[in-house]
Amino acid sequence: MNMSRRLIVITAAFLLLAGALPAFAADGAPKERAWDEETVQIASTIPIQDGGRIKPMSTFARFRLIAMCGKSTLKDPVYGKMEPMPWLLNVLFFPEDARKYKLFVVQDSEVLDGIGLTDIVKKKRDNYSFNDLEPGFDELFKLAREYSKIEPKNRTPVEEQIVNLAFNLDEFNRLATALDFARHYPELKGSPALAAMFPRPEDHRLSGLLAKAGEIRRLTESLTRSGEEQQAELAAINRVLGVAERNLSRSTSLAIFPPSVSREKQTEWLAPAELFRLAFAPGSSVEERSSVEEQIALLGGLEELVHVSGDQSAFKERLTAVQSGVRKLAEKRGEYKKVELEVSFYRGGYFTWSLVLFILGFVLVALCWLLPKVRFVPVVAATPLFVGLVFLTIGITMRCIIRGRPPVSTLYETILFITAVAVLSGLLIELMTRRRIALGMASIIGVAGMFLASRYEISQAVDTMPSLVAVLDTNFWLATHVTTISIGYSAGLLAAAIAHVYIFGKLFGVARGDPQFYKSIARMVYGTVIFCLFCSVLGTLLGGVWANESWGRFWGWDPKENGALLICLWMLAIVHAHIGGYLKDLGVAIATVGGGIVVAFSWWGVNLLGVGLHSYGFTQGVMRSLLGFVALELVVMALGGVVWLMGKAAADAVKQ
Amino acid sequence: MGNAGRAFIRFLGSNGLATFLLILLFLLTLLGTWEQTNTGLYEVQKKYFESTFFPLTEEIPIPIPGVYLVLIVLSVNLMVGGVYRVKWQFSKIGVLIAHLGIAFLLISGFFTMKLAQHGQVTLYEGETAAEFVSHYDWELAVYKAPGPGRAKITEHLVSTPDLEAMGEDSFKGRSRKFTSETLPFTLELSDYLKNSWPKLARGNEAELPKVVDGVYLEERPLDATAEANVRGARLKVIEKNTGKVTETILWGRQRYPFTLDVDGVRYAIDLRKVRKPLPFAVRLNEFIHERHPRTNMPKVFMSKVTKIENDVEQGVKISMNEPLRHKGYTLYQSSWGPPNAGPNQKLFSVFAVVKNPADQLPMWATLVICIGILWQALYRLLHYLKAEAGRRS
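Residue numbers (the numbering used here), protein chains in the order written: chain A, 1 to 656; chain B, 1001 to 1393.
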């Protein structure tokens, strides 16, 4: 091909592409199907019961998307960028498009090799569409069934990914087919009575069938009593009901209909499939049938939505009606009040903002180290840190209000809380010492903590506001023991961070002629160690008192209890060795870095052991990061040893 | 006291010894935690935390001090240090209070270890119990089988230490006799196994000397969960008058005890977990088990029970974090079953029972320690702030 021809082909391809692109909007639907902001907001505030609690639809969408995609935003090369709520709307209302999204993250291409899809592999880690993976379904689900019999902790990473991928594909398919009941209606062939009951085609929609469940039941009862000649019609009606029930059976994950009775009488919300059961179940009373009338009307609204999904304004109008219907029922049960707050919480992106501000703070602190003489720089550097802390605190407070819990009741929340306390402590220490050191460490811990929180949310891919198991259902002990222990972790990590400054400062000869500089850091380290010791001892003992109240023993040598005890023992050893003169300032700094390792082990490591009464905090996939952290910190401790040797050599030289 | 004596006292109360002991405790706790990934908590507790010494490994039997011993030495260090080393000054009051609290905590731990009784009661809805069953300890009970009515039963017991000694490797191949003046027979126990399972003897196995009535006990490796191990033994009953020998297999999970008639009286012999009486009875009226809606996650476990004492009945609810405390005994909601019970199936509830005279001591010790540390921390902080202010000015 000569150059001019090649140019023509490239230009033609570009023009084709350029022509095609504007047909798609940024939220992944072809332009005429794009969801406007208001529609997304209305959909977001539809409450749904999932994971044992009532949450906004947008939260439901967020964690389904994270689980499947490995990110909270889908970026498809053709359909563009999609936030969770527009993505879920597309899956529900335009499933054919959604099956083409490069949605499913495959961490290791070995997974695809294992299910015979070698030819679609481009990269080791990549995202694939439902349609891409469909040819491998038979093998994938066969392997997944086999591997799911293996204990999760004994599965290889590839086995684990196969199980997860199969689960996600199944979950996606359930969502994509959840509204199929509104797309395919049972035909009323063979039953003149039914045909008379539903003369127009739109009448025999599922909501129509359910609304006339009483009449249909009476009809089938009379046909059952009548002679042989009516049996064909009875069979036809049963066939119609069978098809209707099958069409509804995929909708079980959409529990969006609050029951008409109070929360005390019935805690479970209803999915479309359950409406059918309640309306038609043999033995269901008139009261039970009439109690779902409002929900059946809402089901009709859902059906309408499917039919008008191509018409934006009609869709928005119907969606508003469904949302307000569901909301009214939920409000009657007192289950709506926190839904909008949760939508605002996620839309606010408080934790993302705090991460950005902590990064900015870190940059400014670095500047402040470069310009030691300029007095106002620390104030400028502290401002974004303070504002970041405010954002973080607002986020934590909103979570507390939404959950009705103290700030820490899950592993995810420990990260947020520990980060907030460490940044606050850093700022307070800076206020007392004005050495620009605590400020720096606060910014580093802030960045690291918020980054960890974000990674943890993505890697776990489950709702970060889950329902709590029975034993944790006690706000008093969560507020006292768990909070105090977390403050102890926070202080231990901050002390370790400041100790790094001491070691690296000495190693690189920073402020060599200023012994007060190191004395001040040593005091900061030791003071923070004492604070950590206090909180750890108090938290550990409060945990013992809680265990005594709950399980009948103060101490049971459970791994998590031992983890907390290890921090106390390590910090006590530092304090006693320091008082006894066995550890000088450098020794305390090195030992405090070791204390950071002990805190990390207690915080994360014991969960990885997967044993003990506290295994509800068990998590997977953090072992490598933890080992990396431990290795790094051991290197820092070794460097501390080098500093000690250098100091000793220098002292010997002076003596000679 | 001579110089050597004074030096020894100084050493006993020194910071150096305290640091060494704290590091040793740290290492033992770390090892004990790590070993729980392979071994059950009960075994780990016995080896690391409740022992004075334990061998490093089976191959290298170097004695390593256990946590129990280290804590005793630490208590001595604490007291000697408190008397001889720490200066009784205003500036040290916080330290002294905190150390006093720690001593208090160690003492309460010692009392708990020596005096506390642990066990459980399992009740189906409608059932009543006035005794609880040990988690780990076994006993052999011999009693006259009760006839109609509920006559008081006198039991002859072979205690846990006597039985467990027979399970040691050094006892293998030997038997031991137990008798009582009031019993018309002697018991001869052999082949006592700490974890066993009954098996039908087939083929060559039928010839083995351990087979009784076509059944023998297969020895199984100890389970990591100590409660899951089931004791078993071979028993010969030798009648004192006639010398007649009756042989049987005893197994800890047998539904009914072994019975035999001697001189017209029926006796029952039962290898079972140790039973201890409660000073009151408990009847389970209803077990309530709620899950978070549309999940399998437990939300509420609660037992509605009736406490019966001297014919006085009192309704009580026992749930997670809400135990029943009465007459020094505490009953905690611990477990329930059957896990896959149908809608009309009766449920059972399991209560952990603890009798611990030192139950509340750790709470008071905690309070004392916290006051001490807080006092000292605030004192030091004020000093520090003063010093910093001085430095800046």
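All residues carry an ideal CB built from backbone N, CA and C; glycine is no exception.
- Between residue 205 of chain A and residue 194 of chain A, the alpha-carbon positions lie close to 12 angstroms from each other.
- At the C-beta level, residue 1348 of chain B and residue 1287 of chain B come within 9 angstroms of one another.
- DSSP lists no beta-bridge partner residue for residue 1077 of chain B.
- Residue ranges of uninterrupted alpha helix (DSSP H) with 4 or more members, entirely inside the stretch 272-330 of chain A and ordered along the chain, are 272-280, 286-290 and 293-307.
- Residue 1275 of chain B: not part of any alpha helix (DSSP H); member of the beta strand (DSSP E) spanning 1265-1291, first to last residue.
- Any Cβ of chain A closer than 9 angstroms to the Cβ of residue 1088 of chain B would place that residue at the interface, and such an atom is absent.
- Chain-order list of chain A residues neighbouring residue 1388 of chain B: 432, 433, 434, 520 and 523, by C-beta distance under 9 angstroms.
- Comparing alpha-carbon positions, the option among B:1186, B:1174, B:1194 and B:1146 lying closest to residue 1160 of chain B turns out to be B:1194.
- Linking residue 1155 of chain B to residue 1112 of chain B through their CA atoms gives a straight-line distance of about 28 angstroms.
- The three-state secondary structure of residue 373 of chain A, taken from DSSP, is coil.
- Residue 1018 of chain B has a beta carbon lying within less than 9 angstroms of a beta carbon in chain A.
- Cβ-Cβ distances below 8 angstroms link residue 555 of chain A to 544, 547 and 561 in the same chain, with the five nearest sequence neighbours on each side left out; the list follows chain order.
- Residue 1128 of chain B and residue 1345 of chain B have their C-alpha atoms roughly 18 angstroms apart.
- In summary, the residues of the stretch 564-589 of chain A whose CB is separated from some CB of chain B by less than 7 angstroms are 565, 566, 569, 570, 572, 573, 576, 577, 579, 580 and 582, in the order they occur in the chain.
- Within the same chain, and ignoring the five residues on either side of residue 1393 of chain B in sequence, no residue has its Cβ closer than 6 angstroms to its Cβ.
- Taking the Cβ atoms as the reference, residue 417 of chain A lies roughly 5 angstroms from residue 486 of chain A, within the contact range of under 8 angstroms.
- For residue 1377 of chain B, the chain A residues whose Cβ falls inside 8 angstroms of its Cβ are 530, 531 and 534, in order along the chain.
- Within the stretch 502-568 of chain A, no beta strand (DSSP E) run of at least 3 residues lies entirely inside it.
- Pairwise C-beta distances place the stretch 618-637 of chain A out of contact with the stretch 1002-1013 of chain B, as fewer than three of them are shorter than 8 angstroms.
- Residue contact check for residue 559 of chain A against chain B: a CB pair falls below 9 angstroms.
- Chain B has no Cβ within less than 9 angstroms of the Cβ of residue 264 of chain A.
- With a minimum length of 3 residues, the unbroken runs of beta strand (DSSP E) contained wholly in the stretch 1299-1340 of chain B fall at 1312-1319, 1324-1326 and 1329-1337.
- Residue 530 of chain A sits away from residue 599 of chain A, with the two beta carbons spaced by 9 angstroms or more.
- Between the alpha carbons of residue 333 of chain A and residue 264 of chain A lies a distance of about 9 angstroms.
- In the DSSP annotation of this structure, the continuous segment of the alpha helix (DSSP H) that includes residue 84 of chain A starts and ends at 84-93.
- By the rule that beta-carbons nearer than 9 angstroms mark a contact, residue 554 of chain A touches chain B.
- Note that the stretch 1043-1057 of chain B does not touch the stretch 1086-1105 of chain B; fewer than 3 beta-carbon pairs, one per stretch, sit closer than 8 angstroms.
- The C-alpha of residue 1332 of chain B is placed about 33 angstroms away from the C-alpha of residue 460 of chain A.
- For residue 255 of chain A, the chain B residues whose Cβ falls inside 9 angstroms of its Cβ are 1293 and 1294, in order along the chain.
- Assignment of beta-bridge partners to residue 1190 of chain B by DSSP yields B:1175 and B:1234.
- In this structure, DSSP gives residue 336 of chain A a state outside helix and strand, which the three-state scheme calls coil.
- The C-beta separation of residue 237 of chain A from residue 224 of chain A comes to about 10 angstroms, leaving the pair out of contact by the 8 angstroms criterion.
- Rounded to whole angstroms, residue 244 of chain A and residue 186 of chain A show a C-alpha spacing of 6 angstroms.
- The alpha-carbon separation between residue 358 of chain A and residue 202 of chain A amounts to approximately 57 angstroms.
- The stretch 578-587 of chain A makes contact with the stretch 515-528 of chain A; the number of CB pairs closer than 8 angstroms reaches 3 or more.
- CA-CA distance, residue 277 of chain A to residue 1260 of chain B, rounds to 59 angstroms.
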